[in-house]
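If you read the sequence shown in the working numbering, its first letter stands for residue 4, the second for the next number, and so on.
Ideal Cβ positions, reconstructed from N, Cα and C, are used throughout, including at glycine.
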Amino acid sequence: RGINIPSNRAAVQWTTTVYNDEGMEIRNNVESWMEKLNSHKTNVRASSMSQIQSYTGSLKVRTFNKAGGVSPKSYEFIDAWPSAIGEITVDWETNDIQTYDITWEFSYWRSNQSNTGF
(Lines of atoms letter the chains of each structure in order from A and count residues from 1; the text may use other names and numbers.)
(Lines give C-alpha, C1' and ligand atoms only; values in the text may rest on other atoms or scores of the structure.)
Protein backbone atom coordinates (compact mmCIF):
# COMPACT_ATOMS: atom_id res chain seq x y z
CA ARG A 1 0.00 0.00 0.00
CA GLY A 2 1.08 3.56 -0.56
CA ILE A 3 2.71 5.55 2.21
CA ASN A 4 2.12 9.27 2.50
CA ILE A 5 5.36 11.15 3.09
CA PRO A 6 5.10 14.82 4.08
CA SER A 7 7.65 15.99 1.51
CA ASN A 8 5.96 14.32 -1.46
CA ARG A 9 3.31 16.63 -2.86
CA ALA A 10 0.85 15.93 -5.62
CA ALA A 11 -0.09 18.62 -8.08
CA VAL A 12 -3.29 20.29 -6.96
CA GLN A 13 -5.82 22.42 -8.74
CA TRP A 14 -7.99 25.25 -7.55
CA THR A 15 -11.43 25.87 -9.01
CA THR A 16 -13.14 29.25 -8.82
CA THR A 17 -16.70 30.15 -9.75
CA VAL A 18 -17.05 33.42 -11.64
CA TYR A 19 -20.18 35.55 -12.05
CA ASN A 20 -20.43 36.43 -15.73
CA ASP A 21 -20.79 40.06 -16.77
CA GLU A 22 -22.72 41.15 -19.87
CA GLY A 23 -19.53 42.06 -21.73
CA MET A 24 -17.91 38.73 -20.75
CA GLU A 25 -14.69 40.62 -20.00
CA ILE A 26 -13.26 38.13 -17.50
CA ARG A 27 -14.17 35.14 -19.66
CA ASN A 28 -12.72 36.74 -22.80
CA ASN A 29 -9.45 37.48 -21.02
CA VAL A 30 -9.16 33.95 -19.63
CA GLU A 31 -10.00 32.42 -23.04
CA SER A 32 -7.34 34.61 -24.66
CA TRP A 33 -4.81 33.55 -22.00
CA MET A 34 -5.62 29.89 -22.63
CA GLU A 35 -5.37 30.36 -26.41
CA LYS A 36 -1.87 31.79 -26.00
CA LEU A 37 -0.86 28.88 -23.74
CA ASN A 38 -1.94 26.31 -26.32
CA SER A 39 -3.89 27.33 -29.40
CA HIS A 40 -7.11 25.41 -29.96
CA LYS A 41 -6.54 25.70 -33.71
CA THR A 42 -2.81 25.09 -34.15
CA ASN A 43 -1.95 23.26 -30.90
CA VAL A 44 1.04 25.60 -30.51
CA ARG A 45 2.04 27.92 -27.66
CA ALA A 46 2.47 31.61 -28.50
CA SER A 47 6.14 32.55 -28.82
CA SER A 48 5.69 35.22 -26.15
CA MET A 49 4.79 32.49 -23.64
CA SER A 50 8.14 30.70 -23.38
CA GLN A 51 9.26 31.62 -19.84
CA ILE A 52 7.14 30.63 -16.83
CA GLN A 53 6.83 34.28 -15.77
CA SER A 54 5.30 35.11 -19.17
CA TYR A 55 2.34 32.74 -18.86
CA THR A 56 1.66 32.59 -15.13
CA GLY A 57 0.47 35.07 -12.58
CA SER A 58 -0.43 35.39 -8.93
CA LEU A 59 -4.01 34.98 -7.76
CA LYS A 60 -4.95 36.75 -4.53
CA VAL A 61 -7.93 35.87 -2.35
CA ARG A 62 -9.13 38.04 0.50
CA THR A 63 -11.74 37.01 3.03
CA PHE A 64 -14.50 39.26 4.30
CA ASN A 65 -16.26 39.47 7.65
CA LYS A 66 -20.04 39.33 8.10
CA ALA A 67 -20.35 43.12 7.91
CA GLY A 68 -18.65 43.12 4.51
CA GLY A 69 -15.34 44.50 5.71
CA VAL A 70 -12.05 43.03 4.62
CA SER A 71 -10.65 40.43 7.01
CA PRO A 72 -6.89 40.36 7.53
CA LYS A 73 -6.66 36.77 6.25
CA SER A 74 -5.62 36.37 2.62
CA TYR A 75 -4.11 33.76 0.33
CA GLU A 76 -1.89 34.05 -2.72
CA PHE A 77 -1.51 31.35 -5.38
CA ILE A 78 1.89 31.62 -7.09
CA ASP A 79 2.69 30.78 -10.74
CA ALA A 80 -0.99 30.22 -11.53
CA TRP A 81 -2.48 29.66 -14.97
CA PRO A 82 -5.92 28.56 -16.22
CA SER A 83 -6.16 24.95 -17.36
CA ALA A 84 -9.92 24.72 -17.98
CA ILE A 85 -12.91 27.01 -18.29
CA GLY A 86 -16.44 25.75 -17.75
CA GLU A 87 -19.45 26.06 -19.97
CA ILE A 88 -22.08 28.75 -19.69
CA THR A 89 -25.69 28.50 -20.75
CA VAL A 90 -26.54 30.87 -23.57
CA ASP A 91 -30.30 30.43 -23.66
CA TRP A 92 -32.94 32.62 -22.04
CA GLU A 93 -34.66 29.82 -20.08
CA THR A 94 -33.23 30.74 -16.71
CA ASN A 95 -33.49 33.79 -14.49
CA ASP A 96 -30.28 32.95 -12.65
CA ILE A 97 -27.11 34.98 -13.02
CA GLN A 98 -24.68 33.18 -15.31
CA THR A 99 -21.72 31.55 -13.61
CA TYR A 100 -18.90 29.38 -14.84
CA ASP A 101 -15.92 27.63 -13.30
CA ILE A 102 -12.25 28.21 -14.00
CA THR A 103 -9.73 25.53 -13.00
CA TRP A 104 -6.31 26.89 -12.09
CA GLU A 105 -2.94 25.15 -11.84
CA PHE A 106 -0.37 26.71 -9.52
CA SER A 107 3.08 26.03 -8.06
CA TYR A 108 2.31 26.79 -4.42
CA TRP A 109 0.20 28.98 -2.16
CA ARG A 110 0.93 31.13 0.83
CA SER A 111 -1.09 32.78 3.55
CA ASN A 112 -0.30 36.23 4.88
CA GLN A 113 -1.10 35.53 8.55
CA SER A 114 0.32 32.07 9.03
CA ASN A 115 3.21 32.62 6.60
CA THR A 116 2.71 29.08 5.35
CA GLY A 117 2.14 27.42 2.04
CA PHE A 118 3.27 24.70 -0.25
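Two segments are said to touch when three or more pairs of C-beta atoms, one from each, lie closer than 8 Å; by this definition the region 101–112 touches the region 15–24.
For Asn23 and Ala14, the gap between their C-alpha atoms comes out near 28 Å. A direct Cα-Cα distance of roughly 10 Å separates Asn68 from Lys76. In the three-state reduction of the DSSP assignment, Glu96 falls in the coil class. In the three-state reduction of the DSSP assignment, Gln56 falls in the helix class, which pools H, G and I. Membership of Val15 in any beta strand (DSSP E) is not indicated, and neither H nor E is assigned to it by DSSP. For Thr59, the number of other beta carbons within 10 angstroms of its own is at least 16, and it is reported as buried.
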